[in-house]
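Take a look at the structure set out below.
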Amino acid sequence: MWEIHIKIKSNRKGDAEMIYLDNAATTMRKPPQVVQAVVKALESIGNAGRGAYHASLDASRIIYDTRVKLVEFFGGDHAEQVAFTANSTESLNLAIKGLFYPGDHIITTALEHNSVLRPLYEMEEKGTELTILKSDEKGCISYEEMENAIRENTRAIICTHGSNVTGNLLDLTKIGKIAKMHGLLFIVDASQTAGVFPINVKQMQIDVLCFTGHKGLLGPQGTGGLYVKKGIEIRPLKSGGSGVQSYSKRHPRQMPTALEAGTLNAHGIAGLHAALDYLTETGIDTIREKEQALMWEFYEKVRKIPGVIVYGDFSGKERCPIVTLNFEDVDSAELSDALFTEYGISTRPGVHCAPLMHEALGTVEQGAVRFSFSHYNTEKEILTAVEALKELAEL
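By full-length UniProt numbering, the letter at position 254 of the sequence shown is numbered 254, and the numbering carries on one by one without gaps.
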């Protein structure tokens, strides 16, 4: 009967404008200066490293300045160790396919996004060995099991910082210590945490940090990158124009040119540059506190609604601003559609590109509905979403 009821409802309730609660996919609302920076770049800059005229030099400057800001933001050294990519997926593919060989053993977790899993499966088909640490029903892994999984031929631990399904955080400092104790590479997917949680690659002993610009960093889509600790050499996925060493038959090996064949997205990088300034001025602690306050208010109210099942570990304060839930046995896509159609609330249903996480949660067939919050969201929007779920639960 629930399905019939939502189909015959016609008047959208809640605010007239869309309430955007899908920030784990992309932060749709950006700081005004980010938009302005992209527009200015589109109007004024040329191709970096391809000329000595001001439009080309301006592009080179904004790209270099952004490298400097990123390496400072993540507590690293040497701006040239930051290479730009289109997103975390490209960064992770570069790291995974460019560092390992058949016979190497890699440890990862069931919390991972397909951006980690699929490249690892491809490497496994070519002879790389893979251990995937299981998750419990709350989406947590065992650090003891992680250390016990290390073998003689283990080369690396690769993991997310925060689950895009449950919002659970992994302890990067603890994992970094395990990796260094055993002489392993430590590669981190910071897609859900960069720009919201403090990340210090030296303190956490991270060798390769992969990040995207369009989520917590508040930059444009099509921006991202990876920080590579000096001394680690990644085989490039692409070769081609670099603006330097043009007579060489081989693509340059020095960073960052080694991983940046072709024209960079300078217009997007200009927006990321402005976003980093905004994050620094506003303070990521301020942003995180606002997002977590909204998340916790939402969680405390929706978990009391009869029939609602919330997934993840909420035993500690620090977690990504994500609440993922289901209503009884209702298909997640149907619930998400009802939230948007009737209330103008945007959420993300389904598997969230994290199949092993949903296997652990027991939501393979149903999927789940993810609510993810930005500091631009308001308490009024959160209360509207809570009331919407209460009304739907009563149908």
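Glycine residues also receive a C-beta, built at the ideal position from the N, C-alpha and C atoms.
These numbers come from a predicted model, not from an experiment.
Closest Cα partner of residue i within the set the options
i	options	result
H161	V188, Y143, K230, K177	V188
Y121	E328, L92, N87, D65	L92
T89	A190, A48, G76, A41	A190
V82	V364, P256, H214	P256
I322	P349, E342, T341	P349
H105	E381, P32, T154	T154
S336	P119, A385, A110	A385
G374	N23, V364, G76	With the sequence shown as reference, residue 374 is identified as Ser, and Gly is not the correct amino acid for it. Here the closest residue by C-alpha is N23.
I96	H251, L237, A25	L237
E152	M123, L184, K126	L184
D313	L70, C140, T212, Q245	C140
A275	V308, V34, A338	V34
V364	D329, H214, F73, F211	D329
A333	Y376, I232, Q366	Q366
L264	Y20, L57, S44, I63	I63
N87	G167, G213, I234, A179	G213
E17	E381, E260, I305, K304	E381
First and last residue of the uninterrupted alpha helix (DSSP H) at residue i
i	result
L294	284-302
D189	That residue, D189, is in no alpha helix (DSSP H); its beta strand (DSSP E) goes 185-189.
L99	88-99
M204	From DSSP, M204 is part of no alpha helix (DSSP H); its letter is neither H nor E.
K249	Element bounds for K249: n/a, residue is neither H nor E.
L356	355-361
Segment limits, beta strand (DSSP E) that includes residue i
i	result
N326	322-327
A83	82-85
Y143	Segment 143-148 is the alpha helix (DSSP H) holding Y143; no beta strand (DSSP E) there.
S372	369-372
Simplified DSSP assignment, three categories, for residue i
i	result
K174	helix
Y343	helix
V308	strand
V228	strand
D77	coil
E394	helix
G14	Model confidence at G14 stands at a pLDDT of 48, short of 50, so the residue's coordinates are unreliable and nothing is read from them.
I269	helix
E72	helix
D22	strand
H113	coil
I157	strand
W2	Confidence at W2 is low in this model, with a pLDDT of 48, below 50, so the placement of that residue should be treated as unreliable; the coordinate-derived value is given next. Here W2 sits in helix by DSSP.
D313	coil
I45	coil
S239	coil
L264	coil
Backbone CA spacing between residue i and residue j [nearest angstrom]
i	j	result
D136	L356	11 Å
S115	V302	30 Å
L361	L218	30 Å
T378	T324	19 Å
Q292	E318	8 Å
G195	W296	19 Å
V201	T173	10 Å
G46	L170	41 Å
R29	K290	15 Å
F84	E394	49 Å
A59	A266	6 Å
K230	N164	29 Å
M181	T286	34 Å
S315	Q192	19 Å
K177	L42	44 Å
L111	A354	7 Å
I284	P198	8 Å
G344	R370	15 Å
L272	T223	7 Å
P32	I206	32 Å
L130	A52	48 Å
I157	D331	35 Å
Y311	I150	29 Å
A388	D277	36 Å
H251	F74	28 Å
G103	E124	9 Å
G240	G307	56 Å
Bridge-paired residues (DSSP) for residue i
i	result
D277	D277 pairs with nothing; no bridge assigned.
A194	F197
L217	The partner list for L217 (beta bridge, DSSP) is empty, contrary to what the question assumes.
Y64	Y64 is not bridged to any residue.
C210	D189, L226
L133	T109
R348	R370
L169	G162
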